[in-house]
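In our numbering, the protein residues as written are 662 to 988.
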């Protein structure tokens, strides 16, 4: 077991004010681990970074889905009107309603829709939850399987299928699960296991097998609809918009982030041990630079990798940057 390494630092003036430690692995689909930082065998919850794995059994089973709906199934969206309307339309087409979801009500993270709800005196619904697309997918898969009970039951048909796919692609038995913020089980794995799964997605091509067709479709859908996967100003959308067709990325809560690089058949997984999303953004920007997706001066990475810290008057007083010795 190795200790986590410093990955991201915040400097204010001449003082390093904060430092974030983490683990990361870059994995080639046929060559195995290319590089690792910290402890590649650290056991983590992938959180929302693994939504493409959670959607895989549904797509593999032949559930008919548009590219937009596959992207929504992988999304942690901001709850903007385009997200909410798409989820509502999907529910309506299935003859279901907001009450059929169990992800919980969440105020939309999109500022405009949030303010609109306040003006209207309306309460947020479950469709506003950032995981609502994944949950409608679960509902449709639950119906496809003619399953009984709750679709988030770890011992139910939907989540058993998810666990099987998760373990097969990570290459290891999951040591257990925790319940995510949206009420679905989240299966644990190592950082290497998560990177291995992302490499499999990165290398998937059409015509190889039913599973690889499904993996290819999910990856391509994420890259085709980056705004649906996250939203305005979010690093995941920004990275994919800035490198169209070259990378699919997905963050998760508590400082987890994954990437799929199809051209190089590489998967990347990282975990910031203190759970800071700001550090995960910076670390992933550095890794995407290292593996040739962006030049260091590309705007998409510069705004988080060498991000200025401004005071209330708009004057730069510090900087967020990667730690020496990381990448």
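Ideal Cβ placement from N, Cα and C applies to all residues, glycine included.
In this structure residue 817 touches residue 811 by the C-beta definition: roughly 6 Å separates them, less than 8 Å.
With a beta-carbon spacing of about 6 Å, residue 731 and residue 878 fall inside the 8 Å limit used to define contacts. Here the C-alpha atom of residue 805 lies approximately 7 Å from the C-alpha atom of residue 724. Taking C-beta separations shorter than 6 Å and ignoring five residues to either side along the sequence, the partners of residue 719 in its chain run 798, 802, following chain order.
When only Cα atoms are considered, residue 813 and residue 911 end up about 21 Å apart. Boundaries around residue 780 are those of the alpha helix (DSSP H), 772–781, since no beta strand (DSSP E) includes it. By the criterion of a C-beta distance shorter than 8 Å, residue 868 is surrounded in its chain by 874, once the five residues flanking it on both sides are discounted. A residue is called buried once 16 or more other Cβ atoms fall within 10 Å of its Cβ, and residue 753, having fewer, is exposed. For residue 922, the enclosing beta strand (DSSP E) begins and ends at 917–922.
For residue 834, there is no enclosing alpha helix (DSSP H), as DSSP gives it neither H nor E. Within the model, the alpha-carbon separation for residue 727 versus residue 914 is close to 27 Å.
Where residue 795 is concerned, there is no enclosing beta strand (DSSP E), although the alpha helix (DSSP H) around it starts and stops at 793–806. Each of 756, 710, 757 was checked against the Cα of residue 734, and the nearest Cα belongs to 710.
Look at the segment 850–875 and you find these whole runs of alpha helix (DSSP H), each 4 residues long or longer: 852–864. In this structure, residue 771 and residue 739 form a Cβ contact; the two beta carbons are roughly 4 Å apart against a cut-off of 8 Å. Here the alpha carbon of residue 938 sits roughly 12 Å from the alpha carbon of residue 683. In the displayed model, residue 679 falls within a strand according to three-state DSSP. Rounded to the nearest whole angstrom, the CA to CA distance from residue 903 to residue 961 is 6 Å. Shown here, residue 984 sits in coil according to DSSP, grouped into three states, outside any helix or strand. Contact between residue 944 and residue 896 is ruled out by a C-beta separation of about 11 Å, above the 8 Å threshold. Note on geometry: alpha-carbon atoms of residue 849 and residue 859 lie some 15 Å from one another.
C-alpha of residue 977 to C-alpha of residue 958: approximately 19 Å in a straight line.
In the three-state reduction of the DSSP assignment, residue 670 falls in the strand class, which pools E and B.
Put simply, the backbone Cα of residue 680 is about 42 Å away from that of residue 781.
Annotated three-state conformation of residue 969 is strand, per DSSP. Annotation for residue 754: the continuous alpha helix (DSSP H) segment containing it runs 742–754. Between residue 851 and residue 694, the gap from beta carbon to beta carbon reaches 8 Å or more. Using a 10 angstroms sphere on the CB of residue 971, the tally of other CB atoms stays under 16, which defines it as exposed.
Residue environment: residue 706 is assigned as buried (16 or more neighbouring CB atoms within 10 Å of its CB, all protein chains considered). DSSP links residue 847 through a beta bridge to 839.
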